[in-house]
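Read the structure below first, then the notes.
Numbering (my numbering), first residue to last: 250 to 579.
Below you can see the structure in the form of C-alpha coordinates.
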(Lines of atoms letter the chains of each structure in order from A; the text may use other names.)
(Lines give C-alpha, C1' and ligand atoms only; values in the text may rest on other atoms or scores of the structure.)
Protein backbone atom coordinates (compact mmCIF):
# COMPACT_ATOMS: atom_id res chain seq x y z
CA UNK A 250 0.00 0.00 0.00
CA UNK A 251 1.25 3.49 -0.85
CA UNK A 252 1.49 5.75 2.22
CA UNK A 253 2.93 9.23 2.87
CA UNK A 254 5.93 7.52 4.48
CA UNK A 255 6.67 5.70 1.22
CA UNK A 256 7.11 8.89 -0.81
CA UNK A 257 10.10 8.91 -3.13
CA UNK A 258 13.05 10.82 -1.56
CA UNK A 259 14.57 13.64 -3.56
CA UNK A 260 17.82 14.17 -1.65
CA UNK A 261 19.54 10.86 -2.48
CA UNK A 262 19.59 8.01 -4.98
CA UNK A 263 16.62 5.68 -4.87
CA UNK A 264 16.99 2.24 -3.38
CA UNK A 265 15.95 -0.75 -5.46
CA UNK A 266 12.76 -1.03 -3.39
CA UNK A 267 11.91 2.65 -3.90
CA UNK A 268 12.55 2.40 -7.62
CA UNK A 269 10.33 -0.66 -7.83
CA UNK A 270 7.63 1.19 -5.88
CA UNK A 271 7.86 4.06 -8.36
CA UNK A 272 7.57 1.67 -11.30
CA UNK A 273 4.43 0.18 -9.80
CA UNK A 274 2.97 3.54 -8.84
CA UNK A 275 1.25 3.93 -12.21
CA UNK A 276 -0.94 6.86 -11.22
CA UNK A 277 1.67 9.13 -12.80
CA UNK A 278 2.60 6.93 -15.75
CA UNK A 279 1.45 9.39 -18.40
CA UNK A 280 3.03 12.52 -16.98
CA UNK A 281 6.15 10.47 -16.26
CA UNK A 282 6.35 9.59 -19.94
CA UNK A 283 5.97 13.29 -20.72
CA UNK A 284 8.67 14.67 -18.42
CA UNK A 285 10.86 11.67 -17.52
CA UNK A 286 12.08 9.94 -14.36
CA UNK A 287 14.34 12.73 -13.12
CA UNK A 288 11.55 15.31 -13.35
CA UNK A 289 9.13 13.00 -11.55
CA UNK A 290 11.64 12.59 -8.76
CA UNK A 291 11.81 16.38 -8.39
CA UNK A 292 8.02 16.67 -8.33
CA UNK A 293 7.61 13.90 -5.77
CA UNK A 294 10.13 15.65 -3.52
CA UNK A 295 8.58 19.12 -3.90
CA UNK A 296 6.38 21.11 -1.53
CA UNK A 297 3.86 23.58 -2.94
CA UNK A 298 1.52 25.85 -0.98
CA UNK A 299 -1.84 26.88 -2.44
CA UNK A 300 -3.45 29.87 -0.73
CA UNK A 301 -7.14 30.15 -1.57
CA UNK A 302 -9.15 27.08 -2.58
CA UNK A 303 -11.89 28.63 -4.69
CA UNK A 304 -12.59 28.55 -8.40
CA UNK A 305 -8.89 28.92 -9.21
CA UNK A 306 -7.08 27.37 -6.25
CA UNK A 307 -9.09 24.15 -6.07
CA UNK A 308 -8.18 23.34 -9.68
CA UNK A 309 -4.55 24.31 -9.18
CA UNK A 310 -4.27 22.06 -6.12
CA UNK A 311 -5.80 19.09 -7.92
CA UNK A 312 -3.57 19.47 -10.97
CA UNK A 313 -0.50 19.56 -8.71
CA UNK A 314 -1.67 16.39 -6.98
CA UNK A 315 -2.31 14.71 -10.33
CA UNK A 316 1.18 15.76 -11.47
CA UNK A 317 2.91 13.92 -8.63
CA UNK A 318 3.87 16.80 -6.33
CA UNK A 319 4.76 15.14 -3.03
CA UNK A 320 3.60 17.70 -0.45
CA UNK A 321 0.80 20.24 -0.61
CA UNK A 322 -0.04 22.86 2.00
CA UNK A 323 -3.63 24.03 1.53
CA UNK A 324 -4.65 27.36 3.06
CA UNK A 325 -8.23 28.62 3.26
CA UNK A 326 -10.56 29.83 6.01
CA UNK A 327 -13.84 29.37 4.15
CA UNK A 328 -16.60 26.78 3.90
CA UNK A 329 -18.25 25.32 0.82
CA UNK A 330 -21.26 27.39 -0.29
CA UNK A 331 -24.06 26.46 -2.70
CA UNK A 332 -22.90 29.28 -4.99
CA UNK A 333 -19.51 27.52 -5.40
CA UNK A 334 -20.97 24.62 -7.41
CA UNK A 335 -20.44 26.11 -10.86
CA UNK A 336 -16.67 26.47 -10.52
CA UNK A 337 -15.08 24.78 -7.49
CA UNK A 338 -13.99 21.13 -7.62
CA UNK A 339 -14.93 20.26 -4.06
CA UNK A 340 -18.44 21.72 -4.32
CA UNK A 341 -20.53 18.53 -4.44
CA UNK A 342 -23.84 17.35 -3.03
CA UNK A 343 -23.51 17.08 0.75
CA UNK A 344 -20.43 19.30 0.95
CA UNK A 345 -22.16 22.61 1.77
CA UNK A 346 -20.88 23.91 5.09
CA UNK A 347 -17.75 21.73 4.96
CA UNK A 348 -14.40 23.44 5.42
CA UNK A 349 -12.80 23.81 2.00
CA UNK A 350 -9.40 22.63 3.22
CA UNK A 351 -11.03 19.45 4.51
CA UNK A 352 -13.04 18.83 1.34
CA UNK A 353 -10.02 19.39 -0.92
CA UNK A 354 -7.70 17.30 1.27
CA UNK A 355 -10.11 14.35 1.21
CA UNK A 356 -10.43 14.55 -2.55
CA UNK A 357 -6.67 14.79 -3.16
CA UNK A 358 -5.95 11.86 -0.84
CA UNK A 359 -8.08 9.69 -3.12
CA UNK A 360 -6.05 10.82 -6.12
CA UNK A 361 -2.70 10.01 -4.49
CA UNK A 362 -2.65 8.23 -1.10
CA UNK A 363 1.09 8.94 -0.89
CA UNK A 364 0.52 12.70 -1.05
CA UNK A 365 1.42 14.55 2.15
CA UNK A 366 -1.28 17.16 2.76
CA UNK A 367 -1.04 19.97 5.30
CA UNK A 368 -4.48 21.60 5.68
CA UNK A 369 -4.39 25.08 7.21
CA UNK A 370 -7.75 26.52 8.26
CA UNK A 371 -6.66 30.14 8.46
CA UNK A 372 -7.23 33.47 6.79
CA UNK A 373 -3.94 34.82 5.45
CA UNK A 374 -3.14 38.12 7.17
CA UNK A 375 -0.55 39.81 9.37
CA UNK A 376 -1.39 37.63 12.36
CA UNK A 377 -1.27 34.31 10.52
CA UNK A 378 1.42 34.69 7.85
CA UNK A 379 4.43 33.71 9.95
CA UNK A 380 2.67 30.68 11.40
CA UNK A 381 1.52 29.58 7.94
CA UNK A 382 4.99 29.87 6.43
CA UNK A 383 6.71 28.32 9.42
CA UNK A 384 5.22 25.05 8.25
CA UNK A 385 3.81 22.22 10.29
CA UNK A 386 5.79 19.14 11.19
CA UNK A 387 8.66 18.46 8.80
CA UNK A 388 7.32 20.15 5.66
CA UNK A 389 9.11 23.48 6.19
CA UNK A 390 8.97 26.46 3.83
CA UNK A 391 7.35 25.65 0.48
CA UNK A 392 9.36 25.38 -2.71
CA UNK A 393 6.62 27.33 -4.49
CA UNK A 394 3.42 29.22 -3.69
CA UNK A 395 0.27 29.67 -5.75
CA UNK A 396 -1.66 32.80 -4.80
CA UNK A 397 -5.34 32.25 -5.52
CA UNK A 398 -6.64 34.86 -3.06
CA UNK A 399 -9.42 37.07 -4.39
CA UNK A 400 -9.18 39.82 -1.76
CA UNK A 401 -6.75 42.67 -2.29
CA UNK A 402 -5.27 43.24 1.18
CA UNK A 403 -4.14 39.67 1.99
CA UNK A 404 -3.16 39.13 -1.64
CA UNK A 405 -0.72 42.05 -1.53
CA UNK A 406 0.63 40.88 1.81
CA UNK A 407 1.28 37.36 0.47
CA UNK A 408 2.98 38.63 -2.69
CA UNK A 409 5.20 41.01 -0.73
CA UNK A 410 6.11 38.33 1.81
CA UNK A 411 7.18 35.86 -0.88
CA UNK A 412 9.09 38.47 -2.86
CA UNK A 413 10.93 39.72 0.22
CA UNK A 414 11.83 36.18 1.33
CA UNK A 415 12.76 34.79 -2.06
CA UNK A 416 9.93 32.25 -2.19
CA UNK A 417 8.84 31.62 -5.79
CA UNK A 418 5.19 32.55 -6.31
CA UNK A 419 2.71 32.77 -9.16
CA UNK A 420 -0.43 34.85 -8.68
CA UNK A 421 -3.88 34.66 -10.19
CA UNK A 422 -5.59 37.91 -11.13
CA UNK A 423 -9.34 38.28 -11.64
CA UNK A 424 -10.97 35.25 -13.26
CA UNK A 425 -14.58 36.33 -12.82
CA UNK A 426 -16.58 38.25 -15.39
CA UNK A 427 -15.02 36.31 -18.27
CA UNK A 428 -16.25 33.71 -20.76
CA UNK A 429 -13.25 32.87 -22.96
CA UNK A 430 -10.61 30.53 -21.46
CA UNK A 431 -8.43 30.85 -24.57
CA UNK A 432 -7.51 34.39 -23.47
CA UNK A 433 -5.70 33.15 -20.35
CA UNK A 434 -1.93 33.71 -20.32
CA UNK A 435 0.97 34.39 -17.96
CA UNK A 436 2.76 37.73 -17.79
CA UNK A 437 4.59 39.72 -15.15
CA UNK A 438 2.07 41.30 -12.78
CA UNK A 439 3.26 44.77 -13.80
CA UNK A 440 2.39 44.04 -17.44
CA UNK A 441 -1.18 42.73 -17.15
CA UNK A 442 -4.02 44.73 -18.67
CA UNK A 443 -7.81 45.12 -18.49
CA UNK A 444 -7.94 43.64 -14.99
CA UNK A 445 -9.31 45.74 -12.10
CA UNK A 446 -7.98 43.34 -9.45
CA UNK A 447 -4.45 43.37 -10.89
CA UNK A 448 -4.54 47.15 -11.20
CA UNK A 449 -5.57 47.55 -7.58
CA UNK A 450 -2.92 45.08 -6.41
CA UNK A 451 -0.19 46.89 -8.35
CA UNK A 452 -1.19 50.18 -6.77
CA UNK A 453 -1.03 48.79 -3.23
CA UNK A 454 2.28 47.00 -3.86
CA UNK A 455 3.80 50.23 -5.14
CA UNK A 456 2.38 52.51 -2.48
CA UNK A 457 2.53 50.24 0.56
CA UNK A 458 5.33 47.78 -0.17
CA UNK A 459 7.87 49.70 -2.22
CA UNK A 460 7.48 47.86 -5.52
CA UNK A 461 8.91 49.77 -8.51
CA UNK A 462 6.77 52.46 -10.14
CA UNK A 463 8.07 51.38 -13.54
CA UNK A 464 9.30 48.09 -14.91
CA UNK A 465 8.47 44.53 -13.96
CA UNK A 466 7.70 43.15 -10.48
CA UNK A 467 9.24 39.72 -10.99
CA UNK A 468 5.92 38.09 -10.11
CA UNK A 469 4.41 35.82 -12.79
CA UNK A 470 0.69 36.46 -13.09
CA UNK A 471 -2.09 34.37 -14.63
CA UNK A 472 -4.50 36.78 -16.27
CA UNK A 473 -6.94 37.23 -19.12
CA UNK A 474 -7.04 40.17 -21.50
CA UNK A 475 -10.78 39.68 -21.95
CA UNK A 476 -12.72 42.75 -20.82
CA UNK A 477 -14.78 42.02 -17.68
CA UNK A 478 -18.48 41.36 -18.25
CA UNK A 479 -20.59 43.16 -15.69
CA UNK A 480 -23.07 40.99 -13.75
CA UNK A 481 -26.70 40.59 -14.73
CA UNK A 482 -29.61 41.14 -12.38
CA UNK A 483 -31.40 37.82 -11.83
CA UNK A 484 -35.14 37.44 -11.45
CA UNK A 485 -34.94 36.03 -7.92
CA UNK A 486 -33.02 39.15 -6.80
CA UNK A 487 -36.38 40.95 -6.93
CA UNK A 488 -34.58 44.18 -7.72
CA UNK A 489 -32.75 44.14 -4.38
CA UNK A 490 -29.40 42.86 -5.58
CA UNK A 491 -27.42 39.81 -4.47
CA UNK A 492 -28.11 38.38 -1.01
CA UNK A 493 -25.59 36.18 0.79
CA UNK A 494 -26.55 32.52 1.21
CA UNK A 495 -23.19 31.32 2.57
CA UNK A 496 -23.63 28.66 5.30
CA UNK A 497 -21.35 30.48 7.73
CA UNK A 498 -23.12 33.84 7.36
CA UNK A 499 -20.95 36.44 9.07
CA UNK A 500 -17.59 34.66 8.81
CA UNK A 501 -15.58 37.38 10.57
CA UNK A 502 -13.64 38.32 7.45
CA UNK A 503 -16.16 38.80 4.65
CA UNK A 504 -19.87 38.97 3.99
CA UNK A 505 -21.09 38.72 0.41
CA UNK A 506 -23.71 41.38 1.11
CA UNK A 507 -20.97 43.88 1.91
CA UNK A 508 -19.01 43.40 -1.29
CA UNK A 509 -18.94 46.24 -3.75
CA UNK A 510 -20.19 43.98 -6.54
CA UNK A 511 -20.74 40.26 -7.09
CA UNK A 512 -19.29 39.30 -10.45
CA UNK A 513 -20.43 36.30 -12.43
CA UNK A 514 -17.98 33.51 -13.19
CA UNK A 515 -17.60 30.40 -15.35
CA UNK A 516 -15.89 27.22 -14.24
CA UNK A 517 -14.29 26.71 -17.62
CA UNK A 518 -12.47 30.03 -17.14
CA UNK A 519 -11.56 29.81 -13.44
CA UNK A 520 -10.26 26.28 -14.00
CA UNK A 521 -8.10 27.53 -16.87
CA UNK A 522 -6.54 30.05 -14.48
CA UNK A 523 -5.83 27.32 -11.93
CA UNK A 524 -4.41 24.94 -14.51
CA UNK A 525 -2.17 27.64 -15.96
CA UNK A 526 -0.81 28.37 -12.48
CA UNK A 527 -0.22 24.67 -11.77
CA UNK A 528 1.48 24.25 -15.15
CA UNK A 529 3.82 27.14 -14.43
CA UNK A 530 4.75 25.70 -11.03
CA UNK A 531 5.41 22.23 -12.45
CA UNK A 532 7.53 23.64 -15.26
CA UNK A 533 9.61 25.64 -12.79
CA UNK A 534 10.05 22.70 -10.43
CA UNK A 535 11.37 20.42 -13.17
CA UNK A 536 13.59 23.13 -14.68
CA UNK A 537 11.60 23.74 -17.85
CA UNK A 538 10.85 27.33 -16.77
CA UNK A 539 12.85 29.85 -14.73
CA UNK A 540 11.16 31.94 -12.07
CA UNK A 541 12.29 35.62 -12.17
CA UNK A 542 13.72 35.75 -8.64
CA UNK A 543 15.95 38.78 -9.10
CA UNK A 544 13.94 40.96 -11.44
CA UNK A 545 12.17 43.16 -8.92
CA UNK A 546 14.61 45.13 -6.78
CA UNK A 547 12.92 46.89 -3.91
CA UNK A 548 14.17 49.09 -1.10
CA UNK A 549 14.92 46.39 1.46
CA UNK A 550 14.56 48.63 4.51
CA UNK A 551 11.24 50.11 3.37
CA UNK A 552 9.86 46.76 2.33
CA UNK A 553 10.99 45.07 5.55
CA UNK A 554 9.37 47.77 7.68
CA UNK A 555 6.13 47.57 5.77
CA UNK A 556 6.10 43.79 5.98
CA UNK A 557 6.65 44.00 9.72
CA UNK A 558 3.75 46.39 9.98
CA UNK A 559 1.77 44.02 7.80
CA UNK A 560 -0.04 46.80 6.05
CA UNK A 561 -1.52 47.81 9.40
CA UNK A 562 -3.36 50.74 7.91
CA UNK A 563 -5.22 48.38 5.60
CA UNK A 564 -5.96 45.81 8.28
CA UNK A 565 -7.22 48.45 10.68
CA UNK A 566 -10.56 48.59 8.92
CA UNK A 567 -9.74 50.47 5.74
CA UNK A 568 -9.43 47.42 3.49
CA UNK A 569 -13.09 47.00 2.50
CA UNK A 570 -13.63 50.60 1.48
CA UNK A 571 -10.25 50.82 -0.21
CA UNK A 572 -10.87 47.65 -2.21
CA UNK A 573 -14.28 48.90 -3.25
CA UNK A 574 -12.87 52.26 -4.33
CA UNK A 575 -9.98 50.71 -6.25
CA UNK A 576 -12.22 48.26 -8.06
CA UNK A 577 -14.76 50.95 -8.83
CA UNK A 578 -12.16 53.34 -10.23
CA UNK A 579 -10.27 50.76 -12.30
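We treat Cβ as the ideally placed atom computed from N, Cα and C, and that holds for glycine.
Per DSSP, residue 520 is one residue of the alpha helix (DSSP H) stretching across 516-534. A contact is defined here as three or more CB-CB pairs under 8 Å, and the region 302-318 meets this definition with respect to the region 527-537. The residues 417 and 533, in chain order, have a CB closer than 6 Å to that of residue 540 in the same chain once the five nearest residues on each side in sequence are set aside. Taking the CA atoms as reference points, residue 264 sits about 27 Å from residue 357. Rounded to whole angstroms, the separation of the alpha carbons of residue 427 and residue 461 is 29 Å.
By the Cβ test, the region 467-480 is in contact with the region 420-436, since at least three Cβ pairs between them sit closer than 8 Å. If you look at residue 410, you'll find it in the alpha helix (DSSP H) that goes 401-414.
If you draw a 10 Å sphere on the C-beta of residue 453, you find 16 or more other C-beta atoms in it, and that means buried. The Cβ atoms of residue 477 and residue 425 lie closer than 9 Å to each other. With a cut-off of 8 Å on Cβ pairs, the region 343-355 is in contact with the region 312-332, counting three or more such pairs.
Going by DSSP, residue 320 is part of the beta strand (DSSP E) stretching over 320-324.
Checking the DSSP bridge columns, you'll see residue 434 partnered with 472.
Contact check between the region 508-524 and the region 436-454: fewer than three CB pairs, one atom from each, fall below 8 Å, which does not count as touching. Under the three-pair Cβ rule at 8 Å, the region 332-344 does not count as touching the region 369-378. In this structure residue 466 is in contact with residue 439, their Cβ atoms being roughly 5 Å apart against a cut-off of 8 Å.
The beta carbons of residue 299 and residue 401 sit no closer together than 9 Å. Spanning the alpha carbons of residue 345 and residue 331 requires a straight line of approximately 6 Å.
By DSSP's assignment, residue 365 forms a beta bridge with 320. Here the alpha carbons of residue 301 and residue 482 stand approximately 27 Å from one another.
Sequence-distant partners of residue 523 (beyond 5 residues in either direction) whose C-beta falls short of 6 Å from its own C-beta, in its chain, are 305, 308 and 309. By the C-beta density criterion, residue 327 is buried, having at least 16 other C-beta atoms within 10 angstroms. Close CB contacts of residue 288 within its chain, under the 6 Å cut and outside five residues either way in sequence, are with 535 (chain order). For the pair residue 415 and residue 488, the Cα-to-Cα distance works out to about 49 Å. Following the DSSP letters along the chain, one finds residue 298 inside the beta strand (DSSP E) bounded by residues 296-300. Excluding five sequence positions before and after residue 348, the CB atoms of its chain that fall closer than 7 Å to its own CB belong to 328 and 370, given in chain order. Nearest in C-alpha terms to residue 381, of all of 407, 435, 291 and 281, is 407. In terms of Cβ geometry, residue 510 and residue 480 form a close pair [threshold 9 Å]. When the beta-carbon positions are compared, residue 399 and residue 285 stay at least 9 Å from each other. The beta-carbon distance between residue 297 and residue 387, rounded to whole angstroms, is 16 Å. This is too long to meet the 8 Å contact definition.
Residue 317 sits close to residue 277, with the two beta carbons spaced by under 9 Å.
The beta carbon of residue 336 sits closer than 6 Å to those of 304, 514, 516 and 519, all from its chain and outside the five residues before and after it, given in chain order.
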